[in-house]
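K.L.:
Number of protein chains: 2
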Amino acid sequence: MTKPQIERPGAGLSRRERVREATLAEIKEIARRHLVEHGAQGVSLRAIAREMGMTAPGLYRYVSGIDALLILITAQMYDDLADTVAAADSGVPEHDTDQRILASLRAFRGWALDHRAEFSTMFGPHTRPEPDTDISEALEAGRRFGATFFTLFDRLLSEGRFEVPSDEEVPAELARELRTFADTLGLSTPHMSLGAVMVLSSCWVRLYGVVCMEIFQHLNFVMANMEPLFESELRSVLSRIGVEYRPPEE
Amino acid sequence: MTKPQIERPGAGLSRRERVREATLAEIKEIARRHLVEHGAQGVSLRAIAREMGMTAPGLYRYVSGIDALLILITAQMYDDLADTVAAADSGVPEHDTDQRILASLRAFRGWALDHRAEFSTMFGPHTRPEPDTDISEALEAGRRFGATFFTLFDRLLSEGRFEVPSDEEVPAELARELRTFADTLGLSTPHMSLGAVMVLSSCWVRLYGVVCMEIFQHLNFVMANMEPLFESELRSVLSRIGVEYRPPEE
DNA sequence: AGCGTTTGCTAACGGTGTTCACTAAAGCGT
DNA sequence: ACGCTTTAGTGAACACCGTTAGCAAACGCT
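Residue numbers (our numbering), protein chains in the order written: chain P, 5 to 254; chain D, 5 to 254.
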């Protein structure tokens, strides 16, 4: 009888660990649905437990509190966002770098518009998590999300699309930060110089800013439709990195 | 006896209205302190009432609910921020436009760093307020906050510091939005063309973005110190509008 | 002095996070 | 197959929260 007692699809997980993983997954799934439907305030352990047919204190076997739960589902959301962006990217002919970039970035904004509550918890204000909470999962998911953009950006570098500042042009203090940034995210390719990382973060800041502004409704009462502003920033950012802008379809 | 029964410093307020205004002010003051000390979650009607020596339901005579209260104090916070920025601006010789701009923008970031919870509620995710809530006060305070920057920006325009895009270069949809933006905020000076408003919003988006990123701790685990990135963006933004950048003192 | 308005209270409902002591079951080693 | 250990989940309890309804006292005006 070669029935494996331990080696299972889940890779080296005992039965107990498997069912544990399953209910944890259920918790996260329900939590996320509540987040979507009722906003961050609407996620409550008691409601989740109710829906699962158990009581709230039982959840503490799986999650150390409501804050930790919200961090946990952050990882899922980054995965979802990453998938959406990656799908948009691969929906464009592989060689057409310009359109791939356009599509990816617009997909980013589009996802944010369709998932305001998620976006807010991912990119909005954080209360610094207690030191013991495991954040690695969310970090890894965030890395995966950025990967699509890094890849495309690296293509631009290899194609020599725009002028990259020399390392001497990067102020010393900024250089230090950019290095830890690049190291932590593991972006070291032949073309990825310090100057390139600087340009990349500058672009990201701008797009992050305009999308945050839209989702957080900062200009809600002075500007009805934020899309033109986004497109304008997009255009400006892309011209900086030698990518041809094209207005959205239709 | 010329004792004025109605005409008082508060301008045409009956005694009742005055004491009412006073307790409302007390409510807002305590609410704001709680916001600073315990974050947005830590503002509760019950706690405020307790501190005032009354009970929570009594507060409903003054405020229609906790959400409305948070909106109310938003106005105060904008005032505070506006004062800080204005103070930094006027701490520089009046003719030195470049330094005034630098000082104002750094004061903006500095205030944000010193008032994370306030900044988060002001610039972070909003749940759209119920239609009946009065938002005009916060809007006016926000306008006052922007005024310092508008004034300085207008100076740059009048000095012809940089090239302003012609109106034809502004895409039609964006132009529409920028017009309502400019109208609502009342920025119509001789120099304030559509192209100028476009440049202004672009600059604002970038600075908003980098400060949000820092305060919301979006890159918390990949970048320890965000100041160099802010300074880098600041430098880049200022070069766009013909202002000389100088690194911060010390 | 009387009367309507405004203010604040108590009580109550329904919701929340979290801790603790406890039971019942599942897993594991022999 | 038995017994022991680890674990999952429960119930009760504590300390909060926002909000509504009904009522009594204080206030201001005529």
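Don't be surprised by glycine CBs; every beta carbon is placed ideally from N, CA and C.
Could you run through the region 212-228 of chain D and flag, in chain order, every residue whose CB is less than 8 Å away from some CB of chain P?
P.N.:
If the cut-off is 8 Å between Cβ atoms, the region 212-228 of chain D has Y212, G213, V214, C216, M217, I219, F220, Q221, H222, L223, N224, F225, V226, M227 and A228 near chain P.
K.L.:
Who are the neighbours of L178 (chain P) on chain D, taking C-beta pairs under 7 Å?
P.N.:
P232, L233 and S236
K.L.:
Would the beta-carbon of F220 (chain P) fall within 7 Å of that of R113 (chain P)?
P.N.:
no
K.L.:
Under the assumption that S236 (chain P) contacts L178 (chain D) (Cβ atoms under 8 Å), give the Cβ distance between them as a whole number of angstroms.
P.N.:
5 Å
K.L.:
Would a C-beta distance cut-off of 7 Å place R147 (chain D) and L198 (chain D) closer than the cut-off?
P.N.:
no
K.L.:
Excluding the 5 residues flanking V214 (chain P) on each side, which residues of the same chain have their C-beta closer than 7 Å to its C-beta?
P.N.:
Once the five neighbours on either side are set aside, the close Cβ partners of V214 (chain P) are L233, F234 and E237.
K.L.:
Between which two residues does the alpha helix (DSSP H) containing H195 (chain P) stretch?
P.N.:
That residue, H195 (chain P), is in no alpha helix (DSSP H); it is neither H nor E in DSSP.
K.L.:
Nearest chain D C-beta to E248 (chain P) closer than 7 Å, yes or no?
P.N.:
no
K.L.:
Quick one: give me the first and last residue of the alpha helix (DSSP H) that I77 (chain P) is part of.
P.N.:
I70 to S94
K.L.:
In terms of alpha-carbon separation, which member of P:T101, P:E181, P:F225 and P:W115 lies closest to N224 (chain D)?
P.N.:
P:E181
K.L.:
Do the region 244-253 of chain D and the region 240-253 of chain P meet, that is, are 3 or more Cβ pairs less than 8 Å apart?
P.N.:
no
K.L.:
Run through chain D and tell me which residues come within less than 7 Å of R240 (chain P), C-beta to C-beta.
P.N.:
For the record, residue 240 (chain P) in the displayed sequence is Ser; it is not Arg. At a C-beta separation below 7 Å, S240 (chain P) has these neighbours in chain D: S206.
K.L.:
With distances taken between CB atoms, is the gap from A44 (chain D) to T125 (chain D) smaller than 7 Å?
P.N.:
yes
K.L.:
State the DSSP-derived secondary structure class of H130 (chain D), mapped to helix, strand or coil.
P.N.:
Of the three classes helix, strand and coil, the one that applies to H130 (chain D) here is coil, per DSSP.
K.L.:
Please identify the residue among P:T101, P:T131 and P:L85 whose C-alpha is closest to the C-alpha of H162 (chain P).
P.N.:
Sequence inspection shows Ser at residue 162 (chain P); the His mentioned does not correspond to that position. The candidate whose alpha carbon is nearest that of S162 (chain P) is P:T101.
K.L.:
Is V23 (chain D) buried or exposed, if buried means 16 or more other CB atoms sit within 10 Å of its CB?
P.N.:
exposed
K.L.:
Within a Cβ cutoff of 7 Å, which residues of the same chain sit near F154 (chain D), ignoring the five residues on either side of it in sequence?
P.N.:
Hits under 7 Å: L191.
K.L.:
Could you tell me if E33 (chain D) is buried or exposed, where buried requires 16 or more neighbouring beta carbons within 10 angstroms of its beta carbon?
P.N.:
exposed
K.L.:
Between which two residues does the alpha helix (DSSP H) containing S240 (chain P) stretch?
P.N.:
In the DSSP assignment, S240 (chain P) falls within the unbroken alpha helix (DSSP H) covering E231 to R244.
K.L.:
Do we get a CB-CB distance below 7 Å when we pair S197 (chain P) with the residues of chain D?
P.N.:
The C-beta of S197 (chain P) comes no closer than 7 Å to any C-beta of chain D.
K.L.:
Considering only C-alpha positions, which residue in the set D:L109, D:T137 and D:H38 is nearest to D87 (chain D)?
P.N.:
D:L109
K.L.:
My output table needs one value for R250 (chain D): the three-state DSSP class, helix, strand or coil.
P.N.:
Here R250 (chain D) sits in coil by DSSP.
K.L.:
Against chain P, does R210 (chain D) count as a neighbour if the rule is that its beta carbon must be under 7 Å from one of theirs?
P.N.:
yes
K.L.:
Which residues mark the beginning and the end of the alpha helix (DSSP H) in which E173 (chain D) is found?
P.N.:
No alpha helix (DSSP H) contains E173 (chain D), which DSSP labels as neither H nor E.
K.L.:
Could you check the C-alpha separation between R239 (chain P) and M230 (chain P) for me, to the nearest Å?
P.N.:
14 Å
K.L.:
By Cβ distance, which residues of its chain are closer than 7 Å to T78 (chain P), with the 5 residues on each side in sequence left out?
P.N.:
T125, M126 and A142
K.L.:
Any C-beta of chain D within less than 9 Å: which residues of the region 105-134 of chain P qualify?
P.N.:
R120, A121, F123, S124, T125, M126, F127, G128, P129, H130, T131 and R132
K.L.:
Are the C-beta atoms of T188 (chain P) and some chain D residue less than 7 Å apart?
P.N.:
yes
K.L.:
Of all the residues that make up the region 50-61 of chain P, which are near chain D by a beta-carbon distance shorter than 8 Å?
P.N.:
none
K.L.:
Determine, using beta-carbon pairs with one atom in the region 51-60 of chain D and one in the region 81-98 of chain D, whether at least three such pairs fall under 8 Å.
P.N.:
Cβ pair count under 8 Å is below three, so no.
K.L.:
Taking C-beta to C-beta, are C216 (chain D) and C216 (chain P) nearer than 7 Å?
P.N.:
In this structure, C216 (chain P) lies closer than 7 Å to C216 (chain D) by Cβ.
K.L.:
Once the 5 residues before and after A111 (chain D) are set aside, which same chain residues still bring their CB inside 7 Å of it?
P.N.:
T88, V89 and A92
K.L.:
Note down, in chain order, each residue of its chain lying with its Cβ closer than 6 Å to the Cβ of A186 (chain P), except the 5 sequence neighbours on either side.
P.N.:
For A186 (chain P), where only same-chain residues beyond five positions count, the Cβ hits under 6 Å are V201.
K.L.:
When Cβ atoms are compared, which residues of the region 141-157 of chain D fall closer than 7 Å to chain P?
P.N.:
L143
K.L.:
For the region 37-48 of chain D, list every residue whose C-beta sits within 7 Å of some C-beta in chain P, in sequence order.
P.N.:
G43
K.L.:
In chain order, what residues of the same chain have a beta carbon less than 8 Å from the beta carbon of I245 (chain D), not counting five sequence neighbours either side?
P.N.:
F157, L160, R165, F166, V203 and C207
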